[in-house]
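Asks: Once you've had a glance at the structure underneath, I'll fire off some questions.
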Amino acid sequence: MWSFPDKNLEERPSTPVLYNTNFDLQQKHCDVSSEKSGPSYHSVSECNMDGHSVFQGRKRSSNYIGHKFDRKNHHLGHPGTPYASRPKRRRIKYSDEDQSFPSVWEDDKQQESELGLGARNRNLDSWFKVTIPNGKKYDKTWLIKSIQDFCSVPLNVVDFHYDKKRARFFVQNARTASALKDISNKICDETSQKIPILVTPSIVPYSVQNKFTSEQMEVLKVAVMKRYDASQKSLDLQRFRFDQDLMDNDIDMMLNRRSCMIATLQIVQRNIPELLALNVCNNKLYQLDGLSDLIEKAPQVKILNLSRNKLKSFFELEKVKDLNLEELWLEGNPFCNHVSDQSDYISAIRDLFPKLLRLDGKELILPAELILPAQMDIEVPQVRKETRTDSELIKNLVLQFLKEYYLCYDNGDRFRLLDAYHDEACFSLAIPFNFNDPDMSNLEEYFKYNRDIKKLQDSYTRMRLLKHTKQDIVDSLSLLPKTQHDFCSFWVDLCLHTDIMLCFSVNGLFKEVEGKCQGCIRAFTRIFIATHYSNSSVYFSSRICIMNDELIVRNASPREIKNAFISLPPADTSSKPPLSEEQQEMVKSFSVQSGMKLNWSQKCLEDNGWDYTKAAEVFTIMQNEDKIPKEFFK
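Numbering-wise (full-length UniProt numbering), the sequence shown opens with residue 1 and increments by one.
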C-alpha cells in the first residue's frame with residue numbers, strides 16, 4: 001500500500017547507443033549482451049555516475065551503430081525512493097574525457113546526438129539529470145543561485161533533492177544541459193574548492209509524470225482548507241492519505257511522494273501563507289526533501305509536528321533548519337530510538353533550531369542569549385559615554401527605584417510589584433555554598449526555589465524554577481518569607497548604562513519578621529537589568545521596568561549581624577491604627593526640625609515607640625555617621 005514507484009522507469013536511458021572507438025577493447029563488461037549473434041562486441045569499462053553504461057566497440061561503420069538490448073538483461077531493477085542511487089554491481093572507473101559535450105552546437109539535432117538521444121527522441125522535449133557530487137554540504141538556495149549566475153541560459157530547476165552526499169535536479173532541453181556542462185568546475189565554494197556538475201540524459205522526472213490535474217488540485221484545495229484552523233493559523237495534515245474527500249475522488253495522496261508534497265505546499269502558499277503551525281504526523285515520511293520547500297512556501301511556520309513518521313536519520317532535520325521553529329515534535333520516529341543521552345540530543349536539536357522553546361511537548365530552557373534582548377523585542381544596546389550630569393541623574397533614578405521597590409516588598413503586599421516588571425521578565429533565586437557557614441538549614445524556605453544549574457540535572461526543574469512573566473515572578477516573591485530590609489546597609493553599583501538599558505546591583509541586609517526563622521538576618525545580592533518605562537504607576541515614580549532579576553541569598557556573617565538595624569527595633573507586622581491628632585502633630589514637628597519627609601519622620605517615631613526625645617537622639621547619631629540617605633530629606 002505504501003510502496004514506491006520503480007525508480008528504473010524514471011532513470012532508464014531512452015536507447016543505449018554504441019559509440020565508435022579506435023583503441024583496443026578492454027576485457028571488462030557491464031553485464032550486457034547483444035541480441036544478434038555473430039562477432040562479439042565487448043563493452044568498454046565506462047559507466048556514468050548513475051550506473052548507466054556507455055558502450056564502446058571496434059569501428060563498424062563511418063559513424064556509430066545503435067544497438068537494441070533486452071532491457072530485462074541490462075537494466076538493474078531495485079526498490080527504493082525515486083532517484084535513489086543504484087546498487088553497485090561492478091566498480092568501474094568513470095572517465096569524463098571519454099564523453100563529448102561540446103560547448104557550442106550548430107543545431108538541436110547535433111545537441112541531441114552528442115548527448116546520446118536517439119532519432120526516436122529527436123522531436124520530443126528532452127530531460128536531463130544534473131548531479132553535483134558532494135552537493136549535500138551546500139545550501140540549496142546558494143547552490144542554485146551560484147549555478148544560475150554562471151549559466152548562460154535561464155535555469156528552470158525541477159525536483160531539486162539530495163541523494164546521500166549528492167545534490168540532484170532536472171532540467172529540460174539540450175541547450176540548458178549544454179550550458180550546465182560548460183560551467184562544470186567553474187564555480188568555487190567558500191573554501192575555493194571547484195564544484196563539478198555532471199549532466200546525463202533522463203526520462204521525464206517522476207514529479208512531472210505524476211503532476212496533478214487542475215480538477216485534482218481543486219479537490220486537494222478543498223481537503224486542505226477543511227483541515228485549516230484560521231483562529232490558530234494551524235493546518236492538521238495527519239494521516240492525510242485517508243482524507244475522505246481525497247479517497248472519494250480516487251486521489252492517492254501520499255505525502256512521502258515529492259509530487260504530493262509539492263502539490264500540497266502549493267495550496268498552502270496560494271491560500272494560507274500566514275501559516276504558523278503544521279502537523280504532518282503519521283504520514284510515513286522517510287525523508288524531508290519535499291517538506292524543505294516549506295521554508296519558501298510558508299516561512300512563518302513556528303510549530304512543526306513530525307512525530308510518528310519513518311525518519312531514520314537525525315540529519316533529515318537539516319533540510320528544514322532554516323525554519324524559525326519554536327516548537328517541534330519528533331517522538332515516534334525510528335532515529336529517536338537510538339538516543340542515548342537526552343541532553344546531547346536536545347543540544348543537537350538546538351544547534352539546528354536555536355529559538356526552539358518546546359520539544360515533544362516539553363519546555364526547554366531558554367538560552368541566555370535569547371532572554372535579552374531578543375525575547376524583549378529591544379534593539380541591541382550601545383554603551384554610551386557618560387557625563388557627570390548623566391551619572392548623577394541615573395544615580396538618583398536608581399536610588400529612588402530601590403526605595404520604592406523595597407517599601408512595596410516589605411509592607412506585606414508584594415502584588416504592588418507588578419508595576420515594576422516587564423510583561424516577559426525573568427527571575428531566579430540562588431543560594432551560594434558558604435564554607436564558613438556549613439549549617440544552612442535555616443534557609444530551607446529559600447532552598448525550595450534554589451536554581452543552581454550546576455547541580456540540577458533535570459531540565460524540567462531548571463525551567464520551572466526560572467520564573468517567566470511578571471505575574472509568575474510576583475507570585476513567587478509573595479511565597480518568600482516576609483522581610484524588613486535595612487536601607488542603611490545597601491551598597492549600590494551601576495554596572496551598565498545605555499540609552500535603553502540599565503544594569504545595576506544592590507547588596508544589603510534584611511531580616512525575616514515572621515515564621516520559625518523570625519529575627520534571622522540574611523545578606524542578599526540583587527542584580528537587575530532594566531529599561532526605561534513610559535507608563536505611569538501608582539507605586540513607582542522612577543519609571544524603571546525590570547526585565548531580568550536575580551536574587552542571591554545567604555546567612556549574614558557575625559560582623560554583618562552586629563552592624564545591622566542599629567536604629568530599628570523589631571517590626572510590628574500587625575495592622576496599624578490611624579494616627580491620632582497628637583501623633584500627626586508630632587510627625588509634622590519632627591519633619592520640620594529634622595528636615596526629613598513626613599513619611600520618614602513618621603517611621604522614625606514609630607520605630608522608637610513614639611518617644612520624641614529618643615527618636616531625636618537616634619536621628620542625630622545616624623546623621624553624624626552619615627547613615628541617612630539624602631532621599632529621606634525634603
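Note that the Cβ used here is the ideal one computed from N, Cα and C, for glycine as well.
Please confirm if the region 245-252 is in contact with the region 278-293, defined as three or more CB-CB distances below 8 angstroms between the two stretches.
Replies: These segments do not touch.
Asks: Between which two residues does the beta strand (DSSP E) carrying Ser-505 extend?
Replies: That run of the beta strand (DSSP E) goes 502-512.
Asks: Do you know how far the Cα of Thr-469 is from the Cα of Ile-371?
Replies: In this predicted model, Ile-371 has a pLDDT of only 43, less than 50, meaning its place in the structure is not dependable; the value taken from the coordinates is given anyway. Approximately 12 angstroms between the Cα atoms of the pair.
Asks: May I have the straight-line CA-CA distance separating Met-622 from Ser-594, to the nearest angstrom?
Replies: Looking at the two C-alpha atoms, the distance is approximately 12 angstroms.
Asks: Tell me which residue opens and which closes the beta strand (DSSP E) that Gln-484 is part of.
Replies: Taken as a continuous stretch (DSSP letters only), the beta strand (DSSP E) holding Gln-484 covers 483-497.
Asks: Helix, strand or coil for Tyr-446 per DSSP?
Replies: DSSP places Tyr-446 in helix when its eight states are reduced to three.
Asks: Give the C-beta separation of Arg-451 and Ala-430 to the nearest angstrom, bearing in mind that I take them to be a contact with Cβ-Cβ under 8 angstroms.
Replies: Confirmed, Cβ separation roughly 6 angstroms.
Asks: Is the separation between the beta-carbon of Leu-237 and that of Asn-210 shorter than 8 angstroms?
Replies: Their beta carbons are not under 8 angstroms apart, which means Leu-237 does not touch Asn-210 by this criterion.
Asks: By a C-beta neighbour count over all protein chains shown, 10 Å radius and 16 as the cutoff for buried, is Asn-283 buried or exposed?
Replies: Burial call: buried.
Asks: Sort Ile-144, Val-199, Phe-401 by Cα distance to Cys-545 and report the nearest one.
Replies: Looking at the Cα atoms, Phe-401 is the closest of the given residues.
Asks: Quick check: what's the CA-CA separation for Ala-615 versus Asn-608?
Replies: Whole-angstrom Cα-Cα distance: 6 angstroms.
Asks: What residues in its chain sit with their C-beta under 6 angstroms from that of Phe-565, if we drop five residues either side in the sequence?
Replies: If we look at Phe-565 and ignore the five residues flanking it on each side, its Cβ neighbours are Asp-486.
Asks: Would you give the residue range spanned by the beta strand (DSSP E) that Thr-200 belongs to?
Replies: Taken as a continuous stretch (DSSP letters only), the beta strand (DSSP E) holding Thr-200 covers 198-202.
Asks: Answer yes or no: do Val-224 and Thr-264 have a C-beta to C-beta separation smaller than 8 angstroms?
Replies: Cβ atoms of Val-224 and Thr-264: closer than 8 angstroms.
Asks: Taking Leu-494 as the reference, which of Lys-194, Glu-445, Leu-397 has the closest Cα?
Replies: Comparing Cα positions, the closest option is Leu-397.
Asks: Identify whether Met-586 lies in helix, strand or coil by the three-state DSSP scheme.
Replies: Met-586 falls in the helix class under three-state DSSP.
Asks: How is the alpha helix (DSSP H) around Thr-141 delimited, first residue to last?
Replies: Counting along the chain, the alpha helix (DSSP H) containing Thr-141 begins and ends at 140-150.
Asks: Three-state secondary structure (DSSP) at Asn-608?
Replies: In this structure, Asn-608 counts as coil in the three-state DSSP scheme.
Asks: Give the straight-line distance between the Cα atoms of Asp-360 and Asp-182, rounded to the nearest whole angstrom.
Replies: When rounded, the distance between both Cα atoms is 48 angstroms.
Asks: Tell me whether Asp-293 is buried or exposed, calling it buried when 16 or more other Cβ atoms sit within 10 Å of its Cβ.
Replies: So Asp-293 counts as buried.
Asks: Should the region 338-357 be called in touch with the region 185-193, which here means at least 3 C-beta pairs below 8 angstroms?
Replies: In short, these stretches do not touch, since the Cβ pair count stays below three.
Asks: Which residues bound the alpha helix (DSSP H) around Arg-350?
Replies: Start and end: 342-352.
Asks: Compare the beta carbon distance of Leu-551 and Phe-524 with 8 angstroms and say whether it is the shorter of the two.
Replies: Their beta carbons are under 8 angstroms apart, which means Leu-551 touches Phe-524 by this criterion.
Asks: For the candidate residues Leu-598, Leu-417, Gly-508, Lys-634, whose alpha-carbon lies nearest to that of Glu-560?
Replies: Checking every option, the nearest Cα to that of Glu-560 belongs to Gly-508.
Asks: Could you give the uninterrupted runs of the alpha helix (DSSP H) lying entirely in the region 152-221, keeping only those of 4 residues or more?
Replies: Counting whole runs of 4 or more residues, the region 152-221 contains the alpha helix (DSSP H) stretches 174-182, 206-209.
Asks: Which same chain residues, not among the five before or five after Pro-432, have their C-beta less than 8 angstroms away from its C-beta?
Replies: Excluding residues within five positions, the ones whose Cβ falls inside 8 angstroms are Ile-552, Arg-554.
Asks: Using CA atoms only, rank isn't needed, just tell me which of Ile-473, Arg-526, Glu-316, Lys-221 is closest to Asp-163.
Replies: Among Ile-473, Arg-526, Glu-316, Lys-221, the Cα nearest to that of Asp-163 is on Glu-316.
Asks: In terms of residues, what are the limits of the beta strand (DSSP E) holding Arg-258?
Replies: Looking at the DSSP string, Arg-258 is not in any beta strand (DSSP E); the run it does join, the alpha helix (DSSP H), is 258-271.
Asks: For Trp-127, which residues in the same chain have their Cβ closer than 7 angstroms to its Cβ, ignoring the five residues on either side in sequence?
Replies: The residues are Phe-170, Gln-172, Ser-202, Ile-203, Val-204, Pro-205.
Asks: Please return the same chain residues whose Cβ sits closer than 7 angstroms to the Cβ of Ser-85, not counting the five positions on each side in sequence.
Replies: For Ser-85, the pLDDT reaches just 47, beneath the cut-off of 50, and the residue's location in the model is therefore unreliable, leaving the point undetermined.
Asks: Determine, using beta carbons only, whether Cys-281 and Asn-305 come nearer to each other than 8 angstroms.
Replies: In this structure, Asn-305 lies closer than 8 angstroms to Cys-281 by Cβ.
Asks: Looking at the secondary structure, which residues open and close the alpha helix (DSSP H) in which Ile-431 lies?
Replies: Careful: Ile-431 lies outside any alpha helix (DSSP H) and carries neither H nor E.
Asks: With 16 as the cutoff for other CB atoms within 10 Å, does Ser-441 come out buried or exposed?
Replies: Ser-441 comes out exposed.
Asks: Measure from the alpha carbon of Lys-297 to the alpha carbon of each residue in Lys-312, Leu-323, Leu-311, His-338, then state which is nearest.
Replies: If we check each option's Cα against that of Lys-297, Leu-323 comes out closest.
Asks: What does the alpha-carbon distance come out to for the pair Glu-625 and Glu-606?
Replies: Rounded to the nearest angstrom, the two C-alpha atoms are 21 angstroms apart.
Asks: Express the C-alpha separation of Pro-481 and Gly-515 in angstroms, rounding to a whole number.
Replies: Answer to the nearest angstrom: the Cα atoms are 7 angstroms apart.
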